[in-house]
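> The structure's right below; bear with me while I get my questions together.
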């Protein structure tokens with residue numbers, strides 16, 4: 001019964017992580033956006049300011065609107081009555097085409113060029129703009145909107161844009177009048193055709209009468225026809241005076257009080273909001289697609305603990321003080337203290353245990369971390385030996401030279417002998433090390449060596465490391481990156497534990513996976529990870545930033 005209950009508990013525990021994974025994903029997403037928030041806000045401000053300045057530099061634009069009414073259901077479209085001739089109703093889109101066409105727009109352009117009501121520079125510019133829009137068949141200075149019912153009855157609104165209120169009003173009224181004239185011209189065209197026909201018929205009757213060879217009856221008939229044609233022609237002239245279109249002016253334009261463009265404040269706000277949304281979206285997308293180690297949670301899936309998260313140092317502090325002194329600042333000192341406690345807890349009683357510190361690729365800070373960890377262990381009373389096993393790019397001596405320019409050499413084994421790992425592997429019985437500080441001794445790697453792997457394969461590493469470890473509590477081996485060289489895999493078989501340094505935001509999770517696979521295939525014991533160069537925002541998000549604020553209290557005088 002107890003075994004069954006334990007099985008049920010394990011099963012339920014396996015079913016629970018899903019909500020937590022979602023919570024971690026949301027937290028990761030927010031952290032990714034927050035890390036990039038200063039850049040997003042800076043871009044938002046820059047874009048908003050740029051759009052504001054650009055809008056302020058644009059000329060003012062004013063709009064004025066004149067309204068026309070149309071009656072589509074004419075009772076006698078195009079017909080000639082006794083006193084009034086009315087144009088046929090306008091089909092859909094006809095008025096817009098007329099406004100964009102050369103007849104109406106040409107009349108508007110001519111009216112602009114001839115008027116004295118608008119300053120010369122402005123009217124010339126407006127006329128040139130309209131002429132260019134006519135040629136391109138894209139009229140934007142004048143806009144026509146309609147509100148019509150199913151029968152074609154409704155309102156047409158002609159909106160004109162210009163650089164001054166008076167120019168906008170004049171252009172709107174001029175455009176409305178041009179449309180009215182064009183519409184009335186449709187009615188006049190029928191009467192004019194009738195007049196031309198009547199005149200032609202009357203001329204023919206006059207020609208026949210002038211010949212004089214008709215009979216009395218024929219002559220009387222021609223005279224009667226001439227009289228009828230003259231009456232019809234007179235009637236056509238009367239109808240021409242009363243001809244009307246299907247459009248009527250409802251409301252002339254009024255000078256606008258405020259400009260419609262530019263609106264720099266509105267444009268800047270909209271551009272800023274768009275930039276903010278776009279930047280936030282890109283930051284979220286970048287975070288989702290980012291497959292680098294950003295926090296300890298990202299490393300949980302590998303089944304190994306993260307022994308510590310070490311903050312990133314300011315380059316200025318490292319340059320002026322050196323990595324060891326810079327690491328003694330409050331925040332990094334406390335982070336290294338947690339790393340030391342976690343490491344010693346898992347190691348138990350050290351007494352000569354060999355710890356290899358490696359990484360996936362160069363530049364992740366393993367050498368600096370090895371030095372600062374040794375300094376922290378020595379401050380707790382342990383004797384530490386650092387072996388710089390990166391014989392291609394050894395940096396431990398440079399790190400400690402920045403801490404102390406002159407060093408004392410001590411005997412590691414025998415008398416005199418080798419002062420670099422390259423020479424020490426050939427003659428391990430006589431080796432000297434640098435006393436970097438009390439409790440910390442360093443065996444430098446030596447000059448760059450191409451065939452470092454061959455040297456490691458030929459040396460009896462187990463015997464050598466066992467002999468050198470007897471006088472120390474811990475031996476820290478700074479090895480080359482395990483994905484760059486095979487040296488770390490060779491050394492890893494002769495150490496007690498391996499720590500893999502992972503740089504926040506740079507080391508890819510795939511690289512960590514490959515490193516662990518190679519270590520497992522080579523029987524290299526990996527104890528866990530150290531998350532290095534953690535940014536200040538990540539420290540705050542994950543709760544690691546208290547070391548700076550929890551400083552010792554100063555005594556009052």
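Residue numbers (full-length UniProt numbering): 1 to 557. Ideal placement from N, C-alpha and C gives every residue a C-beta, glycine not left out. Keep in mind it's a predicted model, so treat the numbers as computed, not measured.
Per the DSSP calculation, residue 162 is bridged to which residue(s)?
Numbered from its first residue, the chain shown carries residue 162 at position 162. Residue 162 pairs with 62.
> Mind checking which residues open and close the beta strand (DSSP E) that includes residue 499?
Residue numbering aside, residue 499 sits at position 499 when the chain shown is read from its first letter. Per DSSP, residue 499 belongs to the beta strand (DSSP E) from 497-503.
> Less than 7 Å between C-beta atoms, sequence neighbours within five positions excluded: which residues of the same chain meet that for residue 515?
For the purposes of this step, residue 515 is identified with residue 515 of the chain shown, where counting begins at 1. Result list for residue 515: 360, 482, 483, 500, in chain order.
> Could you work out which residue in 512, 471, 523 is closest to residue 495 when comparing CA atoms only?
The count along the chain shown starts at 1 and reaches residue 495 at position 495. For residue 495, the nearest C-alpha among the options comes from 523.
> Of all the beta strand (DSSP E) runs that stay within the bounds of the region 392-460, which reach a length of 3 or more residues?
DSSP runs (the beta strand (DSSP E)) wholly in the region 392-460: 408-413, 431-437, 440-443.
> Counting pairs of beta carbons, one from the region 327-337 and one from the region 308-319, are three or more of them closer than 8 Å?
Output reads yes: the region 308-319 touches the region 327-337.
> Please list, in chain order, all residues of the same chain as residue 21 whose beta carbon is under 7 Å from its beta carbon, the five residues on each side excluded.
In the chain shown, counting from the first residue as 1, residue 21 sits at position 21. With a pLDDT of 40 at residue 21, under the threshold of 50, the predicted position of this residue should be treated as unreliable, though the coordinate-derived value follows. Closer than 7 Å at Cβ, skipping near neighbours: no residue.
> Leaving out the 5 sequence neighbours to the left and right, which residues in its chain are closer than 7 Å to residue 203 when beta-carbon positions are compared?
The count along the chain shown starts at 1 and reaches residue 203 at position 203. So the list is empty, once near-sequence residues are dropped.
> Less than 7 Å between C-beta atoms, sequence neighbours within five positions excluded: which residues of the same chain meet that for residue 369?
Residue mapping note: residue 369 aligns to position 369 of the chain shown, counting from 1. Excluding sequence neighbours, residue 369 sits near 310, 357, 501, 530, 532.
> For residue 103, count neighbouring C-beta atoms within 10 Å of its own C-beta (all shown protein chains included) and say buried if the count is 16 or more, exposed if not.
The residue labelled residue 103 in the question sits at position 103 within the chain shown. Classification for residue 103: exposed.
> In angstroms, rounded to a whole number, what distance separates the CA positions of residue 68 and residue 250?
Within the chain shown, the letter at position 68 stands for residue 68. Within the chain shown, the letter at position 250 stands for residue 250. Approximately 5 Å, taken between the alpha carbons.
> Do residue 353 and residue 433 have their CB atoms nearer than 9 Å?
Indexing the chain shown from 1 puts residue 353 at position 353. Indexing the chain shown from 1 puts residue 433 at position 433. Not in contact: residue 353 and residue 433 (Cβ atoms no closer than 9 Å).
> Bridge partners for residue 308 per DSSP, in chain order?
Counted from its first residue, the chain shown places residue 308 at position 308. Paired residues: 530.
> Select from 304, 94, 336 the residue whose C-alpha is nearest the C-alpha of residue 152.
As a working note, residue 152 is residue 152 in the chain shown. Nearest option by C-alpha distance: 94.
> Which runs of the beta strand (DSSP E) at least 3 residues long sit entirely within the region 305-371? Give them in chain order.
Counting whole runs of 3 or more residues, the region 305-371 contains the beta strand (DSSP E) stretches 306-311, 353-359.
> Okay, do the region 179-195 and the region 162-170 touch, 3+ Cβ pairs below 8 Å being the bar?
Contact between the region 179-195 and the region 162-170 is absent, because fewer than three Cβ pairs lie under 8 Å.
> Hey, residue 355 and residue 443: beta-carbon distance below 9 Å or not?
Counted from its first residue, the chain shown places residue 355 at position 355. Counted from its first residue, the chain shown places residue 443 at position 443. Cβ distance not < 9 Å, so residue 355 and residue 443 don't count as in contact.
> What whole-angstrom Cβ distance do residue 291 and residue 504 have, given they're in contact under 8 Å?
Indexing the chain shown from 1 puts residue 291 at position 291. Indexing the chain shown from 1 puts residue 504 at position 504. Incorrect: roughly 13 Å between the Cβ atoms, too far for contact.
> Note down, in chain order, each residue of its chain lying with its Cβ closer than 7 Å to the Cβ of residue 287, except the 5 sequence neighbours on either side.
Position 287 of the chain shown, counted from the first residue, corresponds to residue 287. Answer for residue 287: 28, 29, 32, 33, listed in chain order.
> Pick helix, strand or coil for residue 229, following the three-state DSSP scheme.
Against the chain shown, residue 229 aligns to sequence position 229. The answer is helix: DSSP assigns residue 229 an H, G or I state.
> Whole-angstrom Cβ separation of residue 324 and residue 388, contact assumed at under 8 Å?
Counting from one through the chain shown, the residue named residue 324 turns up at place 324. Counting from one through the chain shown, the residue named residue 388 turns up at place 388. No, residue 324 and residue 388 are not in contact; Cβ-Cβ is about 15 Å, not under 8 Å.
> For residue 283, which residues in the same chain have their Cβ closer than 7 Å to its Cβ, ignoring the five residues on either side in sequence?
Residue numbering aside, residue 283 sits at position 283 when the chain shown is read from its first letter. Answer for residue 283: 32, 33, 36, 40, listed in chain order.
> Taking the straight line between their C-alpha atoms, what separation do you get for residue 106 and residue 133?
If you number the chain shown from 1, residue 106 lands on position 106. If you number the chain shown from 1, residue 133 lands on position 133. The alpha-carbon atoms of residue 106 and residue 133 are separated by roughly 11 Å.
> Rounded to the nearest angstrom, what separates residue 259 and residue 51 at their Cα positions?
Residue 259 sits at position 259 when you count from the first residue of the chain shown. Residue 51 sits at position 51 when you count from the first residue of the chain shown. Their Cα atoms are separated by approximately 18 Å.
> Could you tell me the boundaries of the beta strand (DSSP E) in which residue 145 lies?
As a first step, residue 145 is located in the chain shown; it is residue number 145 there, counting from the start. Unbroken beta strand (DSSP E) run through residue 145: 142-148.
> Where residue 405 and residue 379 are concerned, what is the direct C-alpha to C-alpha distance, given to the nearest angstrom?
The sequence position of residue 405 within the chain shown is 405, counting from 1. The sequence position of residue 379 within the chain shown is 379, counting from 1. Answer to the nearest angstrom: the Cα atoms are 20 Å apart.
> Just list the residues that DSSP pairs residue 478 with in beta bridges.
Stepping through the chain shown from its first residue, residue 478 is reached at position 478. In the DSSP output, where bridge partners are listed per residue, residue 478 has 357, 388.
> Going by DSSP in three states, residue 194 sits in which element: helix, strand or coil?
By one-based count along the chain shown, residue 194 stands at place 194. Correct three-state label for residue 194: helix.
> Sorted by chain position, which residues of the same chain lie with C-beta nearer than 6 Å to residue 497's C-beta, five sequence neighbours on each side aside?
Along the chain shown, one-based indexing puts residue 497 at 497. Contacts found: 355, 525, 527.
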